[in-house]
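J.: Handing you this structure, nothing more for now.
Residue numbers (this note's numbering): 3 to 459.
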């Protein structure tokens, strides 16, 4: 019986007792590695396309990222709601609530993924036209998006399933599943793009096949676990009150992501106006930045799960320490990795394209974004703390004003007055700073109010 208990709980983590720093590092490092691995595999997509299908294909794949994020972020936000609520029920030991929440989340992921197929097929070309995607790129961009969105049910299932595992402290198995799927993705990329000359279609097809593999692995993992969050296909149903709680936290998180994507779509549209070479350089730089962002984002996700479990267990005093530790870690990651990528930018960008102009445009973006990226991480960790406490509308409204609206106004005013990429890129660190400051103020108000009303038991 003892061995069974050890086997049952070896992937889980008690976030509500014991020293925080070792547990935060143990939890966040697999998340960080997962994100870096995912980006390495995505980078392989970009490198293969840039090397073997040309700059137009590279620009076509890169120009779709902002639009894809815009279309999927609302649904992806519900996985944040899943993470928060599962962590809360798990921390509180509420078995029935936990079971209903997990099954509601899994069914929601499948339904939302199916809906996104039709959204992607219908809106891809009109949206890309609105973004002023160049004529020599748009057909390939539309093809990429339409194939990519066929894999949305698998992407949603993997993300919601991973959110359940993260909420109970398991960040290792999603890493293993991602590694398997990523290797498959790279192999299929090389086969489809180089051997079969399928270009962007080959990259998209390889992506959806690998996503399907990762989704199946997560689902099997949840079905085979002996813990209270075990998934049974016979129990899949949407429980109204659980769905409403997931929406209450997840929908504002999704809208916040969508709002950021709106501003990024506007920025991508502005980049598009400089031509396909600038687009290619911007794409390569964005891909490199992703390694820094996903590493910092692991601390954002860590803050959500640790705060959520401690909130459920009524360990309110620990939540302030969780925020401080996560902020210290994210600053270290952002400063070291961000500046490291910028300093090595010339060498790294050559992996994507040998064209000196593409490299020049890429370095320009890195000089403004990567060197200040720690500010973005600090902002996101603040959001994680607020969401873990159940506040999701507040960070959405702050982000709408401090980042998204600010960037739109910036583009409509300063960028129009001085239409250069430098003017465009500098809007990022300014918006991060403003948004972080307001999020910090909100957290202090909420935390002090919570400590007064609900003293730690």
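We put the beta carbon where it would ideally sit given N, CA and C, even for glycine.
Quick check: the Cα distance between residue 112 and residue 422, rounded to an integer number of angstroms?
T.: In the chain shown, residue 112 corresponds to position 110, counting from 1. In the chain shown, residue 422 corresponds to position 420, counting from 1. Rounded to whole angstroms, residue 112 to residue 422 spans 43 angstroms at the Cα level.
J.: Leaving out the 5 sequence neighbours to the left and right, which residues in its chain are closer than 7 angstroms to residue 344 when beta-carbon positions are compared?
T.: Along the chain shown, read from residue 1 onward, the residue named residue 344 stands at position 342. Contacts found: 368, 369, 372, 373.
J.: Report back the beta-carbon spacing between residue 294 and residue 328 to the nearest angstrom; my notes put them in contact at under 8 angstroms.
T.: Counting from 1 along the chain shown, the entry for residue 294 is found at position 292. Counting from 1 along the chain shown, the entry for residue 328 is found at position 326. Not really, about 16 angstroms apart at Cβ, beyond 8 angstroms.
J.: When you compare the segment 150–169 with the segment 196–213, are there three or more beta-carbon pairs, one atom per stretch, that lie closer than 8 angstroms?
T.: yes
J.: Under 9 angstroms between the Cβ atoms of residue 390 and residue 310?
T.: Here residue 390 refers to the residue found at position 388 of the chain shown. Here residue 310 refers to the residue found at position 308 of the chain shown. Yes, the Cβ-Cβ distance between residue 390 and residue 310 is below 9 angstroms.
J.: On the premise that residue 177 lies in contact with residue 35, defined as a C-beta separation below 8 angstroms, what is that separation, rounded to the nearest angstrom?
T.: On the chain shown, residue 35 is found 33 positions in, with the first residue counted as 1. On the chain shown, residue 177 is found 175 positions in, with the first residue counted as 1. Contact holds; Cβ gap of about 6 angstroms.
J.: Here's a check: name, in chain order, each residue in its chain whose Cβ is nearer than 6 angstroms to the Cβ of residue 433, leaving out the five neighbours to either side.
T.: Within the chain shown, the letter at position 431 stands for residue 433. Hits under 6 angstroms: 405, 408, 409.
J.: Express the C-alpha separation of residue 314 and residue 146 in angstroms, rounding to a whole number.
T.: Position 144 of the chain shown, counted from the start, is the residue given in the question as residue 146. Position 312 of the chain shown, counted from the start, is the residue given in the question as residue 314. Looking at the two C-alpha atoms, the distance is approximately 42 angstroms.
J.: Pick out whichever of 69, 90, 238 has its Cα sitting closest to the Cα of residue 16.
T.: Counting from one through the chain shown, the residue named residue 16 turns up at place 14. Ranking 69, 90, 238 by Cα distance to residue 16 puts 90 first.
J.: Could you check what DSSP says for residue 357 in three-state terms: helix, strand or coil?
T.: Sequence index remark: in the chain shown, residue 357 carries index 355 (1-based). The answer is coil: DSSP assigns residue 357 none of H, G, I, E or B.
J.: For residue 19, does the three-state DSSP call read helix, strand or coil?
T.: Numbered from 1 along the chain shown, position 17 holds the residue referred to as residue 19. DSSP places residue 19 in coil when its eight states are reduced to three.
J.: What residue range does the alpha helix (DSSP H) around residue 232 cover?
T.: Numbered from 1 along the chain shown, position 230 holds the residue referred to as residue 232. Element bounds for residue 232: n/a, residue is neither H nor E.
J.: Is the Cβ-Cβ distance between residue 446 and residue 269 less than 9 angstroms?
T.: Taking the chain shown and counting its residues from 1, the one referred to as residue 446 is at position 444. Taking the chain shown and counting its residues from 1, the one referred to as residue 269 is at position 267. No, they are not a contact pair.
J.: Could you pull out every residue in the same chain whose Cβ sits closer than 6 angstroms to the Cβ of residue 431, ignoring the five residues on either side in sequence?
T.: Position 429 of the chain shown, counted from the start, is the residue given in the question as residue 431. If we look at residue 431 and ignore the five residues flanking it on each side, its Cβ neighbours are 374, 377.
J.: Please report the distance separating the alpha-carbon of residue 395 from that of residue 81.
T.: Position 393 of the chain shown, counted from the first residue, corresponds to residue 395. Position 79 of the chain shown, counted from the first residue, corresponds to residue 81. Near 16 angstroms, if we compare the C-alpha coordinates of residue 81 and residue 395.
J.: Check residue 240 in the structure and name its three-state DSSP category.
T.: By one-based count along the chain shown, residue 240 stands at place 238. Of the three classes helix, strand and coil, the one that applies to residue 240 here is coil, per DSSP.
J.: Between the alpha carbons of residue 341 and residue 235, how many angstroms are there, rounded?
T.: In the chain shown, the residue the question calls residue 341 occupies position 339. In the chain shown, the residue the question calls residue 235 occupies position 233. CA-to-CA, the gap between residue 341 and residue 235 works out to about 47 angstroms.
J.: Could you say if the segment 99–115 and the segment 229–246 meet the contact criterion of at least three C-beta pairs nearer than 8 angstroms?
T.: yes
J.: Using the beta-carbon count (16 or more within 10 Å), is residue 381 buried or exposed?
T.: Numbered from 1 along the chain shown, position 379 holds the residue referred to as residue 381. Per the 10 Å Cβ criterion, buried.
J.: Are residue 348 and residue 361 touching if we call contact CB-CB under 9 angstroms?
T.: Numbered from its first residue, the chain shown carries residue 348 at position 346. Numbered from its first residue, the chain shown carries residue 361 at position 359. Yes, they are a contact pair.
J.: Quick check on the burial criterion: 16 or more other C-beta atoms within 10 angstroms. Buried or exposed for residue 400?
T.: If you number the chain shown from 1, residue 400 lands on position 398. Burial call: buried.
J.: Leaving out five residues on either side along the sequence, give the residues of the same chain with a beta carbon under 7 angstroms from the beta carbon of residue 144.
T.: Counting from 1 along the chain shown, the entry for residue 144 is found at position 142. Excluding residues within five positions, the ones whose Cβ falls inside 7 angstroms are 126, 127, 130.
J.: Is the separation between the beta-carbon of residue 149 and that of residue 217 shorter than 9 angstroms?
T.: Your numbering for residue 149 matches position 147 in the chain shown. Your numbering for residue 217 matches position 215 in the chain shown. For residue 149 and residue 217, no; Cβs fall outside 9 angstroms.
J.: What is the DSSP secondary structure of residue 276, counted as helix, strand or coil?
T.: Position 274 of the chain shown, counted from the start, is the residue given in the question as residue 276. Of the three classes helix, strand and coil, the one that applies to residue 276 here is coil, per DSSP.
J.: What does a CB cutoff of less than 6 angstroms around residue 3 pick up in its chain, not counting 5 residues either side in sequence?
T.: Counting from one through the chain shown, the residue named residue 3 turns up at place 1. Residue placement at residue 3 is flagged as unreliable, the pLDDT there being 34, under the threshold of 50; a coordinate-derived value is accordingly withheld.
J.: Measure from the alpha carbon of residue 402 to the alpha carbon of each residue in 385, 416, 415, 418, then state which is nearest.
T.: For the purposes of this step, residue 402 is taken as the residue at position 400 of the chain shown. Nearest of 385, 416, 415, 418 to residue 402, Cα basis: 385.
J.: Using a 10 Å radius around the Cβ and a threshold of 16 neighbouring Cβ atoms, would you call residue 24 buried or exposed?
T.: Numbered from 1 along the chain shown, position 22 holds the residue referred to as residue 24. Its Cβ having fewer than 16 others within 10 Å, residue 24 is exposed.
J.: Is there a Cβ from chain D that is less than 9 angstroms from the Cβ of residue 398?
T.: This model lacks chain D altogether, as it is built from one protein chain only.
J.: Less than 7 angstroms between C-beta atoms, sequence neighbours within five positions excluded: which residues of the same chain meet that for residue 37?
T.: One-based indexing of the chain shown puts residue 37 at position 35. Result list for residue 37: 296, 297, 299, 300, in chain order.
J.: Does any heavy atom of the ligand HEM sit closer than 8 angstroms to the C-beta of residue 237?
T.: This structure simply doesn't include the ligand HEM, nor any ligand for that matter.
J.: Return the CA-CA distance between residue 87 and residue 103, expressed in angstroms with no decimal places.
T.: Position 85 of the chain shown holds residue 87. Position 101 of the chain shown holds residue 103. Residue 87 and residue 103: Cα-Cα distance of roughly 7 angstroms.
J.: Could you tell me the boundaries of the alpha helix (DSSP H) in which residue 385 lies?
T.: The residue given as residue 385 occupies position 383 in the chain shown. Run containing residue 385: 376–390, per the alpha helix (DSSP H) assignment.
J.: So, under 8 angstroms CB-CB, residue 50 and residue 192 are touching, yes? Tell me the CB distance rounded to an integer number of Å.
T.: Position 48 of the chain shown, counting from 1, holds the residue named residue 50. Position 190 of the chain shown, counting from 1, holds the residue named residue 192. That pair is a contact at about 7 angstroms.
J.: Could you have a look at residue 173 and say whether DSSP puts it in helix, strand or coil?
T.: Here residue 173 refers to the residue found at position 171 when the chain shown is read from its first residue. If DSSP states are grouped into helix, strand and coil, residue 173 belongs with coil.
J.: Among 411, 175, 257, 277, which one has its Cα closest to the Cα of residue 29?
T.: Position 27 of the chain shown, counting from 1, holds the residue named residue 29. For the residues 411, 175, 257, 277, the minimum Cα distance to residue 29 belongs to 175.
J.: Can you check which of these residues, 214, 355, 253, is closest to residue 151 by C-alpha distance?
T.: As a first step, residue 151 must be located in the chain shown, where it is residue number 149. Checked all of 214, 355, 253; the closest Cα to residue 151 is 214.
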